[in-house]
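Heads up: the protein sequence lines correspond to chains A and B, in order. If you count by this note's numbering, then the first sequence holds residues 24 to 323, one letter each, in order. If you count by this note's numbering, then the second sequence holds residues 2 to 678, one letter each, in order.
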Amino acid sequence: MPATAGARFLDPKVLARIENLELLARTVVEGFINGLHRSPYLGRSVDFAEHRAYMPGDDIRRIDWRLFARTDRYYVKEFEADSNSNFLVLLDASRSMQFSSHGISKLDYGRYLAACLTHFAHKQRDRVGLVTFDEDVVDFVPPSAKHREAVLHALDRLEGGGRGELRGPLLKAAEASRRRGICVVISDLYEEPDAALRAVRHLARRGSDVIVFHLLDPAEVRFPDDASANYEDLETGERMPVVPDYMREQYRALVAEHVAALERRFGENRVDYLLIETDTPLDQALFHYLVRRQRFDRVR
Amino acid sequence: MGFLAPAFLLGLLALSVPVLLHLVQRERRHTRVFPSLMFLRRVPHHSVRRRRIHHWLLLALRCGGLALLAVAFAQPVLRGNERARPLVDGATARVVLVDRSYSMSYGDRWTRAQEAARRVLDETGAGDVAGLVFFGEGAEAAGPLTDDRAVLGAALDEAELGWEGTRFAPALKLGMRLLDESGRQNRELILVSDFQSRALDGLDEVLLPAGTDLRWVDLSETEARNRSITEVTLQRVYEGGREGVAIAARVARQGEEPGEPVPVTLELGGRVVGSRLLDLGDESAGTVRFDPVPVPSLAQHALVRLEPDALPRDDVFRFVLAPGRELGVLIVGRDGGRRTESLFLRRALAIGDRPRFDVRLRERLALRRQDLAGAGAVILNDTPWPTGEAGETLRTFVEGGGGVLAALGARGVPAGRDGFPPELPATAEGRVVDRTADWGGNLAFLDYDHPVFEIFRRPRSGDFSSARFQRYRTLSAPSATVLARFDDGNPALVEIPLGGGRVLLWTSSLDTLWNDLPLQPVFLPFVHRLVAHAAGHVESPAWRRVGDVLELPELDEGHWIGLNPLAEGGLVEGDGRFVRLEAAGFYELRPSRDEDEEAVLTIAVNVDPGEADLTTADPEEVAAGLTRVGGAASDGAALGGAERQQGQNGWWFLLLAALAVLAAETALSNRLSQAVR
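Structure below.
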């Protein structure tokens, strides 16, 4: 049975009608969890941390009766939270992310994905944070257990901006986040594979696990247009005449080669990579993240 | 046959375009945005294919359409149409545009400007007409164009310097209109100015008809030196329970070498109360701070002054020092409640000086009419609207312009509707929403256009999303304006107008019982804005700028009268509620029925500090910045309106024919392109 069996698949275009980002994240994540038929949180270890004097209102089931027998005082066992790693989403908000051929732009898809992953991570009690960037860091919400709303708020107010660049912003983000954790990069990766890897490696060097979601619009992958036109680069404004009939096959080959190179280079450097087209349900990315998250827990 | 606008015949060159298009057929049809050309650039492409002409008919239609368009715009006039000739051949109309902005008071610029304008007017020949336009930010003609030099000379002698900044565009537009009305063939505009670079604003909108000459007289000096006060800041301070104001002035200089410190003085009510030496060093601007001065009991004239230099009008900065208006706030708590119940509100309102809040506490049952005297807003903190006479009193207070902020909370619902204004929603029917199970709700919608939330509009200027609301009340108020909503759609804050005032209903509490908003950084500014808005409080500025028009408060009876010449001259005739602030200085007004000193309204007005920047632009740059339009305007403008209409009737038919041919071309090319697909 495929891993996604039973999970609901929501068309991103349907999700786009939900204006409230928190509601959207809940809709997707709760539906996704229900579809798994088992909680993704079960089976996780809870480590004993310390004893604390019993306070009225504490759950009496947590009283350590052995200690009571020895000391004649009530003590409550405290456990470390199930998880308390940093979870940082780095969302590319450059102008190229505003491209859309079917109603939902890459930036919107990225926002939904970031919101869902944040909600998901927050439910796992991770400290959630957000970096949005174009050629520089646009907004930074430092990872914290209390920053779920701040992240959703920042995503809600996010607007696409200038030219895109990975290296500078990711270096800044790596310097700003001092604790290891999980970093999720959401970008359309219009950079040479080696340059993209160099940028992402700043995050990995800090000991963080890095997952790269490569967002592309279906039109960027399949290049379905047949009408010749002046194509204008969204970021640079540069124009060039394009006759799709003549260029389609070579373009597709170049994109496939780029994706393969990214996958290979990231794989060699232990960076997780997943290509997502913006017409695919968000659940696919969530599954990928969940699998990676569990692996991360095991390694830790 | 002649043409009124022969320059448009150059459009016939466009006939080569369809021929080239037919020979070099580019496949590009429209522009399409694409995220990146990174991969497309690597693909060798062939977008240009040379072809032979296949569609002769299409080519003929395209060429014909373009030719007809070009000829139509050239406005052909048949021979023998005498009305198409200019009325006054050879005569010249000349308009002198004289800059009278306050930067022209620098040195002897104004005298030189008058002399230069007089010389230009003296050059006017017999049969020619001339006119004068004086301009600053706006422009004003001295009268219609005339050949009477004496009239123009008198207008020039009587002209006075203004207090405004400079803009060329209005003067040029007015000058061209006067020239157009003159009916003369030869037209000249002469710009007499110091050519400040800021005057070029909006120049790209000016269309200068071909045939109109633009000349200029540049009065700027090579090295202009100026010192000016660009800004004064007033900071309220409270020391030993006394209110004072710390005054700081920003001084800028231009063109001066580093030298001696600059003396700056502070005057209150005409008396020097402070003096400082500002050492600017190598900097071009610096700030001088005076010791805090006590706030006078009545509004008082105040000014910061520099030693006069070559441009004295920007060396004085005027402002009004008035006692801070304390905003009376009455917090009504529940009967028998503890004083600590309004702790967060009291602490928040104890901070802040714009405005300063005078907070008093009352229990609901102890509320009396006299308690409302001096209060701008009443906060019903977790207590229902008072019943009986107190309720009616509160209602009258709101209808008279006061405001009520009701935090509904656990106990803020009325037991009945006794005294409760019928315009307000029946909050008693609202149930309590308990969100403790899902860690509380949060605010999902804020109306950032509303004055309460306006300051939180920008990113990182206040985060309401981190506040958690465990409980709040539902509210059904279809006629109310909802200013904030929770994430489940329930209203959090609504505004209901009531008479001349307003009632704001906050559906949760203003303490930490039902939410943790009071623990968030946004609580303090939020409460300040909320209470100030409820009280209808508006900050009045300490000074205004020349050029503003001020609306005076409405009077129950009588009208406003000016107490000094400035104010008298500035009052706009009519209902006397508007003052034009045309010159810098202090304007003093009072209601005609009120003769006591406290009713005097004082307004300080300063010049635009931007005009103190004497950086100049090259007059050639000004001329180049103007958009010149074809000969149609220059030749055709000499005709009278009706004659012009008749002389150009033919071009309409050509234009219609061109449209018909182009429509046929569109139909044919569509058919051909469909056939190709």
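Backbone N, C-alpha and C define an ideal beta-carbon position, used for all residues, glycine too. Keep in mind the model is a prediction, meaning the values are calculated, not measured.
Name, please, each residue of chain B whose Cβ falls closer than 9 Å to the Cβ of arginine 202(A). None at all; the shortest Cβ gap to chain B is about 21 Å.
8 Å Cβ shell around phenylalanine 4(B) - same chain, five flanking residues per side excluded: Leu10, Ala75, Gln76, Pro77, Val78
Using a Cβ-Cβ distance under 9 Å, would histidine 142(A) count as near chain B? no
Tell me whether glutamate 682(B) is buried or exposed, calling it buried when 16 or more other Cβ atoms sit within 10 Å of its Cβ. Residue 682(B) lies beyond the stretch modelled for chain B, which goes from 2 to 678, so this question has no answer here.
Mind checking who leucine 235(B) pairs with in its DSSP beta bridge? Ile248(B)
For arginine 199(B), the nearest candidate out of Leu615(B), Asn671(B), Ala665(B) (CA to CA): Leu615(B)
Should proline 36(B) be flagged as near chain A, meaning a C-beta pair shorter than 9 Å? Interface residue, yes.
Return yes when the Cβ of glycine 404(B) is within less than 9 Å of the Cβ of alanine 613(B), no when it is not. no
Straight-line Cα distance separating arginine 545(B) from alanine 140(B): So the alpha carbons of these two residues sit roughly 22 Å apart.
Using a 10 Å radius around the Cβ and a threshold of 16 neighbouring Cβ atoms, would you call tryptophan 653(B) buried or exposed? exposed
My output table needs one value for arginine 459(B): the three-state DSSP class, helix, strand or coil. coil
Quick one: is tryptophan 57(B) buried, meaning 16 or more other Cβ sit within 10 Å of its Cβ, or exposed? exposed
Does the distance from the CB of histidine 311(A) to the CB of proline 216(A) come in under 9 Å? no
Ordered along the chain, which non-local residues of its own chain (more than five positions away) have a Cβ less than 6 Å from that of proline 526(B)? none
Provide the residue span of the beta strand (DSSP E) that contains histidine 237(A), from first to last. Where histidine 237(A) is concerned, the enclosing beta strand (DSSP E) starts and stops at 232 to 239.
Rank Glu158(A), His170(A), Leu136(A) by C-alpha distance to the C-alpha of arginine 150(A) and give the top, closest one. His170(A)
Straight-line Cα distance separating serine 37(B) from glutamate 257(B): 51 Å
Run through chain A and tell me which residues come within less than 9 Å of arginine 43(B), C-beta to C-beta. In chain order: Gln273, Tyr274, Leu277.
By the 9 Å beta-carbon criterion, what residues does the stretch 456 to 477 of chain B contribute toward chain A? Pro460, Arg461, Asp464, Phe465, Ser466, Ser467, Ala468, Arg469
Arginine 645(B) to serine 670(B), Cα distance in whole Å? Confidence at arginine 645(B) is low in this model, with a pLDDT of 47, below 50, so its placement is unreliable and no value can be given for it.
Can you confirm whether arginine 29(B), when its beta carbon is compared against all beta carbons of chain A, has any partner nearer than 9 Å? Residue placement at arginine 29(B) cannot be trusted, given a pLDDT of 45 that sits under 50; what the coordinates show is reported in the next sentence. Cβ-Cβ to chain A under 9 Å: yes for arginine 29(B).
Three-state class that DSSP yields for serine 229(B) in the structure shown: strand
When the distance is taken between beta carbons, is arginine 591(B) closer than 9 Å to isoleucine 562(B)? Yes; because the gap between Cβ atoms is below 9 Å, this pair is in contact.
The alpha helix (DSSP H) spanning proline 192(A) covers which residue range? 190 to 199
Under 8 Å, with one C-beta from each stretch per pair, do the stretch 332 to 342 of chain B and the stretch 285 to 294 of chain B reach the 3-pair mark? no
Quick one: complete beta strand (DSSP E) runs, 3+ long, within the stretch 247 to 272 of chain A? 252 to 256, 262 to 265
So what does DSSP say about glycine 12(B), is it helix, strand or coil? Three-state DSSP puts glycine 12(B) in a helix.
Classify threonine 93(B): buried if its beta carbon has 16 or more other beta carbons within 10 angstroms, exposed otherwise. buried
Is the Cβ of leucine 309(A) closer than 9 Å to any Cβ of chain B? no
Does DSSP put proline 526(B) in a helix, a strand or coil? helix
Distance, Cα to Cα, glycine 315(B) vs serine 229(B)? Residue 315(B) is actually aspartate in this sequence, not glycine. Those two C-alpha atoms are separated by around 5 Å.
is_contact[arginine 33(B), chain A] using C-beta, thresh 9 Å: yes
Closer than 9 Å to chain B by CB, alanine 250(A): Yes, its Cβ sits closer than 9 Å to a Cβ of chain B.
Near-chain A residues of the stretch 509 to 536 of chain B (beta-carbon distance less than 9 Å), N- to C-terminal order: none
Measuring only between beta-carbons, confirm whether phenylalanine 135(B) sits less than 9 Å from chain D. Given the protein chain composition of this structure (A and B), no chain D is represented.
Could you name the residues of the same chain whose beta carbon sits closer than 6 Å to that of serine 167(A), not counting the 5 residues immediately before and after it, in chain order? Only Arg150 meet the Cβ criterion.
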